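Data first, discussion second: the structure below is written as structure tokens.
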Amino acid sequence: MKLTQGHKSVPPGKITMSILLFGGIMIASANAAIVFAAPSNSTDIHLTKAQEKSLNIQTVKLKTQAIRPTMTLYGELQRNPDGVFMLSSPLSGVVLNMPGKHWPQIGAAVIRGTSLAGIKPVVRTTLQITLALELTKVKADLASAKVAELTSAAAYAREKLLYSQNKAVSLQRVQAAQAAFAGAHAREQADMQSIAAISRQLKTKAGGFLPLPIFQSGMVTEVLVHPGQAVAAAQSLLKIEDFHTLVAAVALPASDSGAIAMGTAIRIRALGHKHWLKAKPLTLGPQADRQTRGLSMLYLIGNTGILRPGMVITARVPKTAKGIRMTIIPRSAVIWWQGLRWVYTARGGGVFTLRELIHPKALPGGYAVAKGVLSSQRIVSKGAQLLMTIQLQSTLKQSF
Numbered sequence: 000m001k002l003t004q005g006h007k008s009v010p011p012g013k014i015t016m017s018i019l020l021f022g023g024i025m026i027a028s029a030n031a032a033i034v035f036a037a038p039s040n041s042t043d044i045h046l047t048k049a050q051e052k053s054l055n056i057q058t059v060k061l062k063t064q065a066i067r068p069t070m071t072l073y074g075e076l077q078r079n080p081d082g083v084f085m086l087s088s089p090l091s092g093v094v095l096n097m098p099g100k101h102w103p104q105i106g107a108a109v110i111r112g113t114s115l116a117g118i119k120p121v122v123r124t125t126l127q128i129t130l131a132l133e134l135t136k137v138k139a140d141l142a143s144a145k146v147a148e149l150t151s152a153a154a155y156a157r158e159k160l161l162y163s164q165n166k167a168v169s170l171q172r173v174q175a176a177q178a179a180f181a182g183a184h185a186r187e188q189a190d191m192q193s194i195a196a197i198s199r200q201l202k203t204k205a206g207g208f209l210p211l212p213i214f215q216s217g218m219v220t221e222v223l224v225h226p227g228q229a230v231a232a233a234q235s236l237l238k239i240e241d242f243h244t245l246v247a248a249v250a251l252p253a254s255d256s257g258a259i260a261m262g263t264a265i266r267i268r269a270l271g272h273k274h275w276l277k278a279k280p281l282t283l284g285p286q287a288d289r290q291t292r293g294l295s296m297l298y299l300i301g302n303t304g305i306l307r308p309g310m311v312i313t314a315r316v317p318k319t320a321k322g323i324r325m326t327i328i329p330r331s332a333v334i335w336w337q338g339l340r341w342v343y344t345a346r347g348g349g350v351f352t353l354r355e356l357i358h359p360k361a362l363p364g365g366y367a368v369a370k371g372v373l374s375s376q377r378i379v380s381k382g383a384q385l386l387m388t389i390q391l392q393s394t395l396k397q398s399f
């Protein structure tokens, strides 16, 4: 069956499709008010003040910024040596589990200040003499550690001051002084903990045991002994690691060793994750990369809980080349259409023009394009998707 329109016959399928499209256009127009659009081959949309207000169209003036070119490198995440804690036995004895607690397994989380194990001395007759001699030795070590800490703290403060004043002090020297200060402070803390543990043991009665508290929260990565086993003094019981900070090792080919800024923060992304994270420069690696024969650079990255050592990473490292002035486009202003990125520019008087972004460069907060025609214009920062919908509706109306 065919219907006639004037003297021409119209297929029923075309009439049904026309009715459906026209009905959808009328419903959308009722929600967004009547829009006066340009012809179908134009990229302009004309709105009144009332229509802009009802659609909540917001614009922003574009800014330019110097964008430093970057180089894409690859590497992997490594454990931070400062986050490794070994729970050791201060004396010979038998390992005991704390009452009411389970012996931790690999992957278990532990909290600082809790006790997971205790040591029951094997020989009690000569233990008092041994502990007294050990206590004297540790107190002497503590006095030496305090002097070393004061000296290293002064050296670190001096190197840091000279580095901030650009007086021929490298970042590596500052980091070395910081590491020396941290090591001296750790030795002092370890000696103080040993003194406290030995003192408690000297006060314990025969048949008691010495609790071993955890001094660092983290995850158990290695279980070396189990309750009931005999251990010697200084023998390791558990290995605990804190993954709040990790080291990102990035391989730099030898041919590009002078093309990047060594002391500049970089952005990295782990394989399988979409977010880019900021990493601070740490130091150069101890040896050249095996595959590229180039440098191995180390960066320190904060971990939100999803990263683990061994993950493959992609890094964007700034080059030493001078930054290029580019126009910054906020991410909320960009819309996708026909596989390309577009924005709407506000020309004034309620006229909005659809413009394609030419070779946009992805940034953390949006995109950057070459400085040019968009630099001095205002663009729609909120409501661009609504304008695209209205423009498509107007095109469909005129096609019928």
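Quick note: the sequence shown uses numbering that gives the first Met the number 0, first residue 0, plus one each step. Built from N, CA and C at the ideal position, the CB exists for glycine as well. What you are looking at is a predicted structure, and each value in this text was computed from that prediction instead of being measured.
Query, Result
"Exposed unless 16 or more other CB atoms sit within 10 angstroms - verdict on VAL94", "buried"
"LYS52 - containing alpha helix (DSSP H), residue span", "48–54"
"Whether SER198 touches LEU132 by CB criterion (8 Å)", "no"
"Option nearest GLY338 by Cα separation, candidates LEU373, GLU355, MET310, ARG266", "GLU355"
"Where the beta strand (DSSP E) containing HIS45 begins and where it ends", "43–45"
"Per-residue DSSP class, three states only, for LYS136", "helix"
"Chain D within 8 Å of ILE389, Cβ atoms only", "Judged by its chain identifiers, the structure shown contains no chain D, having just a single protein chain."
"Beta carbon of ALA269 nearer than 8 Å to that of ILE312", "yes"
"Closest by C-alpha distance to LEU342, when choosing among ILE44, TRP275, SER380, THR263", "Note on identity: in this sequence residue 342 is Val, with Leu being the wrong assignment. Of the candidates ILE44, TRP275, SER380, THR263, the one whose C-alpha sits nearest the C-alpha of VAL342 is SER380."
"Nearest-angstrom Cα separation, counted from SER216 out to ARG111", "5 Å"
"Residue span of the beta strand (DSSP E) that contains ILE265, given as start and end", "265–269"
"Proximal residues to THR282 (C-beta, below 7 Å), its chain only, five neighbours per side dropped", "GLN171, GLN174, LEU297"
"Validate contact between the region 366–373 and the region 321–333 using beta carbons, cut 8 Å, 3 pairs", "yes"
"Candidates GLY382, LEU61, ALA178: closest to THR147 by CA position", "The question names Thr, but residue 147 is Ala in the sequence shown. ALA147 has its Cα closest to that of ALA178, out of GLY382, LEU61, ALA178."
"Whole-angstrom distance between PRO363 and ALA345, CA atom to CA atom", "25 Å"
"Test item: CB-CB of ARG377 and LYS60 under 8 Å", "yes"
"Contact set for ILE328: own chain, Cβ-Cβ below 6 Å, skip 5 residues either direction", "GLY365, TYR366"
"Residues sharing a beta bridge with MET218, DSSP", "ALA108, GLU240"
"Chain-order list of residues whose beta-carbon lies under 6 Å from that of VAL34 (same chain, five-residue window excluded)", "Residue placement at VAL34 is flagged as unreliable, the pLDDT there being 37, under the threshold of 50; the coordinate-derived value follows with that caveat. Counting only Cβ-Cβ distances below 6 Å, and skipping sequence neighbours, we find ILE389."
"Assumed close pair MET70, VAL316 - CB separation to whole angstroms, cut-off 8 Å", "5 Å"
"Rounded C-alpha distance that separates ALA231 from SER88", "7 Å"
"Whole-angstrom C-beta distance between GLU221 and ARG78, which should lie under 8 Å", "The pair is not a contact, with the Cβ atoms about 12 Å apart (cut-off 8 Å)."
"Coarse secondary structure for LYS159, derived from DSSP in three states", "helix"
"Where the beta strand (DSSP E) through LEU283 begins and ends", "276–283"
"When SER169, GLY382, GLY262, SER375 are compared against THR63, the one with the closest alpha-carbon", "SER375"
"Nearest-angstrom Cα separation, counted from PHE84 out to GLN234", "13 Å"
"Contact under 8 Å by Cβ, GLY277 with ALA258", "The amino acid at residue 277 is misidentified as Gly; the sequence shows Lys. No, Cβ-Cβ distance for LYS277 and ALA258 is not below 8 Å."
"Through-space distance from GLY182 to ALA314, alpha-carbon basis", "30 Å"
"Rounded straight-line distance, which links the Cα of ALA152 to that of PRO285", "25 Å"
"Beta-carbon contacts of ILE357 that lie in its chain and below 8 Å, excluding the five residues immediately before and after", "VAL368, ALA369"
"Through-space distance from ALA332 to VAL224, alpha-carbon basis", "59 Å"
"Alpha-carbon to alpha-carbon, LYS238 and TYR162", "37 Å"
"CB contact flag (GLY92, ILE128, <8 Å)", "no"
"Supposed close pair ALA107, LEU211 - CB separation, criterion 8 Å", "Not confirmed; about 16 Å, so no contact."
"Burial state of ALA383, where buried means 16 or more other Cβ atoms lie within 10 Å", "buried"
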